[in-house]
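Take 1262 as the starting number for the sequence shown in the numbering used here and just add one per residue. Notes for the one structure printed next.
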Amino acid sequence: SPAQMLGFDCDAPLPAAGELLQRRQRHFARPQNNYYRQPPQIERGWKEHLFDVEGRAYLDMVNNVTIVGHGHPRLSAAVGRQWSLLNTNSRFHYASVAEFSERLAELAPDGLDTVFLVNSGSEANDLAIRLAWAHSGARHILSLLEAYHGWTVASDAVSTSIADNPQALTTRPDWVHPVVSPNTYRGPFRGEGSTVDYVRAVTEKLEELDENRVGLAGFICEAVYGNAGGIPLPPGYLQAVYAMVRKRGGVCIADEVQVGYGRLGHYFWGFEEQGVVPDIITVAKGMGNGHPLGAVITRREIAEALEKEGYFFSSSGGSPVSSVVGLTVLDILHDEALQENARTVGDHLKARLQALGERFPLVGAVHGMGLYLGVEFVRDRETLEPATQETAAICNRLLELGVIMQPTGDHLNVLKIKPPLCLSRESADFFAEMLGRVLEEGW
Ligand code: PMP
């Protein structure tokens, strides 16, 4: 088996599931998930498949950090080699780190040629906010309601998703100004023609800041709304908002942590969908295939502003091992044409899910593109009443049928679909069939 090829002892006895769960509950500080009645105890993975401690197989439809798939032998070999040569950062080791930074600068639009390497998406967004502060000399940041940007202090401050952080709106510091979420499906203005209304909401917020003589440092958003289930922003929205932010001296930050790196299939970066070029790009998740790795890519003059007034040093950010992981992920993405796979398999899957929408009124909409999809469940297609309990029940039934899922959105009524980009057409079909079966037979 592939695992044996990698030197795992597949026959070694594994601890019993109950015992593992007990240990985890006693010592593991991560909150328990609240939608699975009986969470699986996952032990190992291969491509888009996961296996629990009893050897049961699951299709991993939501592990959005794993883009080249689980257990990739090229990654294991590259990590092993670099680990034995040099695993930690040394101020005098440049090769892998410089090569990875160069590759990222090549992938970014012209002019964004300076790269900071960190360990996660939250760190990348915190650093992006510090860069915006340093470059603009101002402090106030505009963000979108319903967004998630991370858990560290600054990235959490600009995250206003009530599903992720119920206190988000009450604990928000005064330098954060959320604007109405341009959610074209369930926001206050509906449909594609709503761009003007959503842009007006931003204009009004900016005029309010101008009147109070509040200096704008920047604007942060995802170009396709991940937390709401992969809803593209209204056409032209970012062009208009970026222009207004820049006119006031602010910088535009594109959070590409989830949406970037080929997941959209049709685009490598999410902001391409809106036809804009940001001043700062933040990346993480897929770039390390789950290994702690993040980056901020920006223009030299923005990076230099931070150097003048502060410092940046991350002990383990972009270590030689992380950089080799990053380089190998990019090689695999290219050699296995995974962005292309995300496009073709994603389009096929979306069509199959839309066909389910024609049969089952519970499916209010299928959002997204490539392998960045969301199925939004509603009790009523007119009022859009969210089918929150039904979504959790469907997730539980799908788990019994061998599919791992997660609800998302402020109402937890969207099935988040973000599998590894190597998802095969057969696996996509299996998922569509299982979802169809659950909708047909009940949950
Ligand atoms: N931004 C977005 C859009 C994300 O989805 C996430 C993670 N869910 C983050 C930032 C934070 O990344 P991390 O968990 O690596 O800190």
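Even glycine gets a Cβ: it sits at the ideal position worked out from N, Cα and C. Source: prediction; values computed, not measured.
- Not one heavy atom of the ligand PMP sits closer than 7 Å to the Cβ of residue 1473.
- Within the stretch 1328 to 1387, the runs of beta strand (DSSP E) that reach at least 3 residues and sit entirely inside it are, in chain order, 1375 to 1379.
- For residue 1668, there is no enclosing alpha helix (DSSP H); the enclosing beta strand (DSSP E) has its first and last residue at 1667 to 1669.
- For residue 1512, DSSP records a beta bridge to 1479.
- Looking from the CA of residue 1553, the closest CA among 1578, 1564, 1521 belongs to 1578.
- Around the CB of residue 1622, fewer than 16 other CB atoms lie within 10 Å, so the residue is classed as exposed.
- The beta-carbon distance between residue 1660 and residue 1297, rounded to whole angstroms, is 6 Å. This is short enough to meet the 8 Å contact definition.
- For residue 1582, same chain residues with a beta-carbon under 7 Å away, outside a window of 5 residues either side, are 1340, 1343, 1344, 1348 in chain order.
- By the CB criterion at 8 Å, residue 1383 and residue 1512 fall outside the cutoff.
- Taking 8 Å as the cut-off, the Cβ atoms of residue 1584 and residue 1380 do not count as close.
- The residue from 1702, 1693, 1673 with its alpha-carbon nearest to that of residue 1489 is 1673.
- Proximity of the beta carbon of residue 1410 to the ligand PMP is indicated: a heavy atom of the ligand is located closer than 7 Å.
- Within a 10 Å sphere around the beta-carbon of residue 1689 sit 16 or more other beta-carbons, which makes this residue buried.
- For the stretch 1578 to 1632, the full-length alpha helix (DSSP H) segments reaching 4 residues or more read 1581 to 1596, 1599 to 1620 along the chain.
- The C-beta separation of residue 1520 from residue 1531 comes to about 4 Å, placing the pair in contact by the 8 Å criterion.
- Residue 1366 and residue 1374 have their C-alpha atoms spaced approximately 5 Å apart.
- Burial state of residue 1485 is buried, judged by a 10 Å Cβ sphere holding 16 or more other Cβ atoms.
- Take residue 1455, set aside five residues on each side of it, and the residues of its chain with a beta-carbon closer than 8 Å to its own are 1443, 1445, 1448, 1495, in chain order.
- The Cβ atoms of residue 1422 and residue 1386 do not sit closer than 8 Å to each other.
- For residue 1288, the secondary structure class from DSSP, reduced to helix, strand or coil, is helix.
- For residue 1637, the pairing in a beta bridge is given by DSSP as 1626, 1675.
- Exclusion of the five residues before and after residue 1592 leaves no residue of its chain whose Cβ lies closer than 6 Å to its Cβ.
- Sequence-distant partners of residue 1625 (beyond 5 residues in either direction) whose C-beta falls short of 7 Å from its own C-beta, in its chain, are 1637, 1638, 1639, 1642, 1645.
- With a cut-off of 7 Å, the C-beta of residue 1518 is classified as near the ligand PMP, since at least one heavy atom of the ligand falls inside that distance.
- Looking only at 1516, 1562, 1506, 1627, the smallest Cα-Cα distance to residue 1546 is reached by 1516.
- Less than 8 Å divides the Cβ of residue 1567 from the Cβ of residue 1392.
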